[in-house]
Every structure is written in C-alpha cells, then in structure tokens.
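Report on the following structure.
In the working numbering, the protein residues as written are 533 to 733.
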C-alpha cells in the first residue's frame, strides 16, 4: 500500500511538472531532463513511470481533457436557458485555463502534436453548438447566424487561453482573472446577439 501511494505521488508530481513545462515551452522544447529536474525526480524514476515524452504528454492531455469534458457535461446538464449555459461554459473554460496547468498544456499540446487541434475543439464545441442551436429558437436575436456566434466563441476561448497563459507566466499580477475578463466581454457582446440586455453565467 505504501509503495502504491508513493508511486501515485511520483506520477502526480511528474504529470504536474510536465504540464507546467509543456504549457510554458511547448512540446518540442520540453525535454524529459527538464521535467525530471522540475519534479525533483530522477530520470530513471521518470522513465519507470513514463517510457517516453509522448507517453507523458498523453497523460497530461488526458488529465486536461477530462477536466474540459466534465465542464462541458455540467454545462449541458444545467437547468437554465441554453444561452446562459453556453456563456457559463465559456467562462468555466476560462477559469480552468487559468487555474489548471494541465488544461492549458492540453490546449497547447493539441495544436503542437499531430492531429491535435480538432481533438481540442471537439471537447467543448459540440456542446456549445447544441446549446446555441437550442438558443436560436428564441433567445438569440432574429437573424443572428449561429455559426458566426460559434466562431466568435472559439475566438473568445482562444483569447482566454492566451490571456491565462500570460498571467501564469507573471503570477501575482493585479489584472483581472481570465474568468472575470471573459464575463465582462460577454456583458458587451450579448446585447448584440440576444433578445435581452444581459445573460449572466
């Protein structure tokens, strides 16, 4: 039991160190030696748990993707009007991107590794598309193109990712969080696409 707990702690330390490294430097520039040093764990112990950088990147992506899927599933199950749920999902993604290095790393790895970009978007775009399809039956302003709104949301999430990454590199800054900033952006955007004045997350 003690060995299993120690092994679990070691794996967790390696995943967290790898997430921070991939998030900051990207896949190509990150080496196992850098991850080993950051985690304070020998290369031998690292390769015992993860045989290659690919395997470690897979573990980081799986962790970040699981957090995003959970957020999307919760948004889809919210008992509120669909447009509110869609806004709430984007704000939750912004929060996760800021607070969880594995989510930021998963986003970056998805773009930098083969066939990754589609997989990243597929974690949350289908849910948003369904919510906007439901919202188009009454919540969206007549004539509002759902695909254009979906594209707008993609830009907002991408911007939130960049903003969250810049804040992670400068901890302690007094700027608003990515979550706060995106909430304010929605307050500006929503009157142009919805029938109401505001839809709070």
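We put the CB at the ideal spot given by N, CA and C, even for glycine.
In whole angstroms, what separates the C-alpha of residue i from that of residue j?
i: residue 575; j: residue 629; result: 29 Å
i: residue 677; j: residue 573; result: 52 Å
i: residue 539; j: residue 724; result: 53 Å
i: residue 734; j: residue 621; result: No statement about residue 734 is possible, as the shown extent of the chain runs from 533 to 733 and does not include it.
i: residue 627; j: residue 601; result: 14 Å
i: residue 580; j: residue 542; result: 10 Å
i: residue 612; j: residue 566; result: 46 Å
i: residue 715; j: residue 536; result: 43 Å
i: residue 770; j: residue 674; result: This structure does not reach residue 770, given that the chain is present from 533 up to 733, and the question cannot be answered.
i: residue 726; j: residue 583; result: 51 Å
i: residue 625; j: residue 656; result: 9 Å
i: residue 610; j: residue 686; result: 21 Å
i: residue 603; j: residue 577; result: 33 Å
One question on the structure: do residue i and residue j come within less than 8 Å of each other, judged by their Cβ atoms?
i: residue 663; j: residue 618; result: yes
i: residue 553; j: residue 562; result: yes
i: residue 637; j: residue 586; result: no
What do you get for residue i, buried or exposed, if any count of 16 or more other CB atoms within 10 angstroms of its CB means buried?
i: residue 684; result: exposed
i: residue 731; result: Only weak support exists for where residue 731 lies, its pLDDT of 46 falling under 50; the coordinates are left without a value.
i: residue 658; result: exposed
i: residue 697; result: buried
Just to check my reading of the structure: residue i and residue j have Cβ atoms closer than 8 Å, yes? What is that Cβ distance to the nearest angstrom?
i: residue 599; j: residue 635; result: 5 Å
i: residue 642; j: residue 652; result: 3 Å
i: residue 639; j: residue 560; result: In fact, because the Cβ distance is near 16 Å, the residues do not count as touching under 8 Å.
Can you determine whether any heavy atom of the ligand NAD sits closer than 7 Å to the C-beta of residue i, and answer yes or no?
i: residue 724; result: The ligand NAD is absent from the structure shown, which contains no ligands of any kind.
Count the CB pairs spanning the region 590 to 607 and the region 558 to 572 that are closer than 8 Å, and state whether there are at least three. At 8 Å Cβ cutoff, the stretches do not touch.
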